[in-house]
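*Asks:* First the structure, then my questions, so here it is.
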Amino acid sequence: SKDLEAWTVLPPLSEPDAGFAHLEVPQLLTLDGQDLLVFSCDAPALVGRRAGARGGVWALPVDAPTGSLRTAGAELVIDESHYAGRITHDRDGRSVLLAFHNRADGDELPGIISDPIPVRWDPVEARIRVEMEYETDRV
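Reading the sequence shown from the start, the letters are residues 3 to 141 in the working numbering.
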């Protein structure tokens, strides 16, 4: 909508049956020269071929920020011990992922943001790589 009053229905941006009931906290960004979509989807919202797998923060390459999304090709960046991840840069200019520590089964959401987790784009594997081991223990 150009005026937020009149709307036009357009084709979906992603294909059906990609394995995600929803994509939460989407972020379009360029990491090491690759345009990407980063989003979150936890295990209960994984469907189809992904049902029963572990959810978390996902990413996929995109051709253009306004083009179609091949969400079936999304790869897990970090498991759902972390959620609502965003990639930014630290003071030294390194790309890092910040995410909330997610709740354990039945626990309340702790409301804690992770320490910066260094990430990079791996062009050979066509995926985001976490650059070091990260701590998943709860505080």
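We put the CB at the ideal spot given by N, CA and C, even for glycine.
Compare the beta carbon distance of residue 1 and residue 87 with 7 Å and say whether it is the shorter of the two.
*Replies:* Outside the shown range of the chain, which is 3 to 141, sits residue 1, and nothing can be said about it.
*Asks:* What three-state label does DSSP hand residue 51 in the structure shown?
*Replies:* Three-state DSSP puts residue 51 in a helix.
*Asks:* Would you identify the three-state DSSP class for residue 75, choosing helix, strand or coil?
*Replies:* Residue state, collapsed to three classes: helix.
*Asks:* Quick check: the Cα distance between residue 4 and residue 134, rounded to an integer number of angstroms?
*Replies:* Looking at the two C-alpha atoms, the distance is approximately 44 Å.
*Asks:* Return helix, strand or coil for residue 46, following the three-state DSSP convention.
*Replies:* Helix at residue 46.
*Asks:* So, residue 120 versus residue 96, is the Cβ gap smaller than 7 Å?
*Replies:* Yes; because the gap between Cβ atoms is below 7 Å, this pair is in contact.
*Asks:* Give the single residue among 69, 118 and 82 whose Cα lies nearest to the Cα of residue 94.
*Replies:* Looking at the Cα atoms, 118 is the closest of the given residues.
*Asks:* Does any residue of chain D have a CB that is nearer than 7 Å to the CB of residue 41?
*Replies:* Looking for chain D here will not work: only one protein chain is present.
*Asks:* In this structure, how does DSSP classify residue 26 when only helix, strand and coil are distinguished?
*Replies:* Residue 26: strand per DSSP, three-state reduction.
*Asks:* Pull up the CB-CB distance for residue 66 and residue 57, whole angstroms please, since I reckon it's below 8 Å.
*Replies:* The pair is not a contact, with the Cβ atoms about 27 Å apart (cut-off 8 Å).
*Asks:* Measure the alpha-carbon distance for residue 92 versus residue 77 and round it to whole angstroms.
*Replies:* Going by the C-alpha atoms only, they are around 24 Å apart.
*Asks:* Suppose the cutoff is 6 Å on Cβ atoms and the five residues either side in sequence are ignored; what does the same chain contact list for residue 99 look like?
*Replies:* Within the same chain, residue 99 has close Cβ partners 87, 89, 119 and 121.
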